[in-house]
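Colleague: Mind having a look at this structure? Questions to follow.
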Amino acid sequence: MAEERPSPPVRSSAEASAYDDGLSAFAEARPRLFGIAYRMLGSAAEAEDIVQDVWLRWQATDRSVVESPSAFLATTTTRMCINFAQSARARRESYVGPWLPEPVDTSSDPSLGAERSEALGFAILLLLEKLSPTERAAYVLREAFDYSYRQIADILQMEEANARQLVSRARKHIVEGRRTPASSAERQRLLTVFIAAAQKGDLATLEGLFAEDVVSYSDGGGVVRTAARAPVSGRQRVAKFIASFASHFWTGITLTQIEANGQASILISRDGVPVAFATIDASEKGIDQIMWILRPSKLAAIPASK
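Encoded structure:
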């Protein structure tokens, strides 16, 4: 789905009224459609492709028989994402090194098209990757967009009781897979101290920040040779790993604090070009996960300066 697709035309409200090609209904629903697709796929580029495909399908639909455009568009988006996610899972099994979600700038749209910013953080998106596409859809629709179980059942073409079970299983998976997260302020503090210690290669400070079972993920997608091909885990191993590249990685770089996926993050640039992205997940035990994104295509949507 890498091919470019035409963007929906932009018309003034007067033009839309004079010639209603479904643009007004689509434009109103578009933030939600992107929000659903991004949470389902973990990729802004793939989510944009899905939304463009939904637009084309909407254009080809006899809209006079559609009772609720918003319901139709959300249903179409969700079902297309389920189909796409099934093939994406197979592709990610052959992905070189750890796969991480593509970061999205949420400073201007904190909710990313949702009533709640649920199912947006990196740690939860990684946990959702382990669910079936249908379980993931049910969780996203319920937790991020507050759809009723009846609406979810209609979208997924199943009984309401089954929709409830899907959401319940997904919730259990999320709860069991993650410690109680630290507050946003504490994560911000830990990230700031972590980056400072990483630049100095300060082993003692790094170890003091980490939970005993901390894991560092590096997503280079096979195109960045310096990215670790496997997760690094354990307090001492991760500290030594990060300290090992302190003498060269941070030379000549610029650090920009940004908000991505609703959480404090650091964009690392060299000569104005983003070369890496770093963020963490943390609990009362300390930093549980460190996520490094180095694949250039995943950094393209994040501006180098704010």
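Residues 240 to 545 (the working numbering) are what the sequence shown spells out, left to right.
All C-beta atoms, glycine included, are put in the ideal place defined by N, C-alpha and C.
Under 8 Å by Cβ, that's how I've got residue 463 and residue 533 pegged, so tell me the actual separation to the nearest angstrom.
Modeller: 4 Å
Colleague: If we count the other Cβ atoms within 10 Å of its Cβ and call it buried at 16 or more, is residue 419 buried or exposed?
Modeller: exposed
Colleague: Would you mind listing the alpha helix (DSSP H) stretches within the segment 351-378 that are 4+ residues and don't spill past its ends, in chain order?
Modeller: 361-367, 372-378
Colleague: Pair every Cβ in the segment 437-455 with every Cβ in the segment 398-415, then say whether three or more of these pairs are closer than 8 Å.
Modeller: no
Colleague: Pull the bridge partners of residue 456 from the DSSP assignment, please.
Modeller: Note: residue 456 sits in a beta bridge opposite 530.
Colleague: For the 8 Å Cβ check, are there 3 or more pairs between the segment 396-404 and the segment 341-359?
Modeller: no
Colleague: Going straight from the alpha carbon of residue 365 to that of residue 306, what length do you get?
Modeller: Approximately 36 Å between the Cα atoms of the pair.
Colleague: In the DSSP output, which residue or residues are listed as bridge partners for residue 518?
Modeller: Note: residue 518 sits in a beta bridge opposite 530.
Colleague: Tell me whether residue 268 sits in a helix, a strand or coil according to DSSP, three-state version.
Modeller: DSSP places residue 268 in helix when its eight states are reduced to three.
Colleague: Using only the alpha-carbon positions, how far apart do residue 308 and residue 473 sit?
Modeller: 50 Å
Colleague: Decide yes or no for the touch test of the segment 263-281 against the segment 313-320: beta carbon pairs closer than 8 Å, at least 3 of them.
Modeller: The segment 263-281, when compared against the segment 313-320, does touch it at the 8 Å Cβ threshold.
Colleague: Is residue 431 near the ligand NAP, with its Cβ less than 6 Å from a heavy atom?
Modeller: By its list of ligands, the structure shown contains no ligand whatsoever, and the ligand NAP lies outside what it can speak to.
Colleague: Can you look up residue 461 in the DSSP assignment and give me helix, strand or coil?
Modeller: coil
Colleague: Given a cut-off of 7 Å on the beta-carbon distance, is the pair residue 345 and residue 501 in contact?
Modeller: yes
Colleague: Please report how far the alpha carbon of residue 513 lies from the alpha carbon of residue 505, in whole angstroms.
Modeller: Answer to the nearest angstrom: the Cα atoms are 10 Å apart.
Colleague: Given this structure, state the Cα-to-Cα distance separating residue 527 from residue 521, to the nearest angstrom.
Modeller: Computed Cα separation, rounded: 5 Å.
Colleague: Just verifying my parser: in three-state terms, what is the DSSP assignment at residue 466?
Modeller: coil
Colleague: Report the option in 377, 383, 408 whose CA atom is closest to the CA atom of residue 396.
Modeller: 377
Colleague: Roughly how many angstroms separate the alpha carbons of residue 487 and residue 465, rounded to a whole number?
Modeller: 11 Å
Colleague: Contact defined as beta carbons within less than 8 Å: I believe residue 265 pairs with residue 295. What is the distance between those atoms, to the nearest angstrom?
Modeller: Between residue 295 and residue 265 the Cβ distance is about 11 Å, and since that is not below 8 Å, they are no contact.
Colleague: Would you kindly report the start and end of the unbroken alpha helix (DSSP H) that includes residue 446?
Modeller: 442-448
Colleague: Restricting to Cα atoms, I'd like to know which of 310, 371, 291 is closest to residue 327.
Modeller: 371
Colleague: Within a Cβ cutoff of 6 Å, which residues of the same chain sit near residue 394, ignoring the five residues on either side of it in sequence?
Modeller: 314, 317
Colleague: If you measure between the beta carbons of residue 199 and residue 450, is that distance less than 7 Å?
Modeller: Since the displayed the chain opens at 240 and closes at 545, residue 199 lies outside it and no answer follows.
Colleague: Report the three-state DSSP secondary structure of residue 504 (helix, strand or coil).
Modeller: strand
Colleague: Which same chain residues end up closer than 7 Å to residue 283 when comparing Cβ atoms and leaving out the 5 residues on each side of it in sequence?
Modeller: 277, 341, 343, 540
Colleague: Identify every run of the beta strand (DSSP E) within the segment 393-429, keeping only runs that are complete inside it and at least 3 residues long; order them along the chain.
Modeller: none
Colleague: Could you have a look at residue 292 and say whether DSSP puts it in helix, strand or coil?
Modeller: helix
Colleague: Compute the beta-carbon to beta-carbon distance between residue 270 and residue 336, rounded to the nearest angstrom, for a pair I have assumed lies under 8 Å.
Modeller: Taking the Cβ atoms as the reference, residue 270 lies roughly 32 Å from residue 336, outside the contact range of under 8 Å.
Colleague: Tell me where the beta strand (DSSP E) around residue 498 begins and ends.
Modeller: 493-499
Colleague: Just how far apart, CA to CA, sit residue 470 and residue 455?
Modeller: Each residue's alpha carbon lies about 6 Å from the other.
Colleague: Less than 8 Å between C-beta atoms, sequence neighbours within five positions excluded: which residues of the same chain meet that for residue 485?
Modeller: 437, 438, 439, 440
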